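To start, the structure itself, in structure tokens.
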Amino acid sequence: MQKLAKREEQIMQAVWQLGHAFIKEIINEMPDPKPHYNTIATMVKILEDKRFLEHETIGNVFRYYPVISKEQYQNHAMTDIVSQYFNNSYPNMLMFFAKEQKISEEELNEIINLIKSQKK
Numbered sequence: 219m220q221k222l223a224k225r226e227e228q229i230m231q232a233v234w235q236l237g238h239a240f241i242k243e244i245i246n247e248m249p250d251p252k253p254h255y256n257t258i259a260t261m262v263k264i265l266e267d268k269r270f271l272e273h274e275t276i277g278n279v280f281r282y283y284p285v286i287s288k289e290q291y292q293n294h295a296m297t298d299i300v301s302q303y304f305n306n307s308y309p310n311m312l313m314f315f316a317k318e319q320k321i322s323e324e325e326l327n328e329i330i331n332l333i334k335s336q337k338k
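Quick note: the sequence shown uses the numbering used here, first residue 219, plus one each step.
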């Protein structure tokens with residue numbers, strides 16, 4: 219699975235949220251300043267070529283829907299980050315967040331409890 223560029227990821231976030239979307243609906247979900255219609259149409263075509271999106275024809279317009287789920291992409295992206303920056307170690311990643319004080323002891327305990335509940 220390819221990594222998405224920032225604007226591609228914004229488009230995918232919009233489509234994941236909407237489920238099915240026309241170009242105008244995608245544009246409405248984009249941050250200001252809103253990109254031009256042709257810009258988004260071109261990027262949506264690229265996302266189709268990358269097999270992230272497909273479309274169905276309704277009348278004379280295309281409605282797009284995701285082929286890759288948000289969860290599938292999250293899994294791929296996190297695996298990639300852990301591999302590249304944390305030597306394939308989730309404990310190293312958690313230690314980084316703890317050291318940088320971006321995660322509290324309480325949050326770590328919540329993670330531990332979640333892991334324990336998944337094993338049951």
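Note that beta-carbon positions come from the ideal geometry of N, C-alpha and C, so glycine has one too. As the structure is a computational prediction, the values presented were derived from the model and not from experiment.
Next on the checklist: Quick check on the DSSP output: what are the complete alpha helix (DSSP H) runs of length 4 or more inside the segment 252 to 326, in order along the chain?
Outcome noted: 255 to 267, 288 to 303 and 308 to 317
Checklist entry - Which stretch, first to last residue, makes up the alpha helix (DSSP H) that contains Gln-228? => result As a first step, residue 228 is located in the sequence shown; it is residue number 10 there, counting from the start. Unbroken alpha helix (DSSP H) run through Gln-228: 224 to 236.
Checklist entry - Does the distance from the C-beta atom of Met-248 to that of Ala-232 stay below 8 Å? => result Looking up residue 248 in the sequence shown gives position 30. Looking up residue 232 in the sequence shown gives position 14. Cβ atoms of Met-248 and Ala-232: closer than 8 Å.
Item to check | Start and end residues, alpha helix (DSSP H) containing Lys-242 | outcome: Here residue 242 is taken as the residue at index 24 of the sequence shown, counted from 1. Note, Lys-242: alpha helix (DSSP H), 241 to 247.
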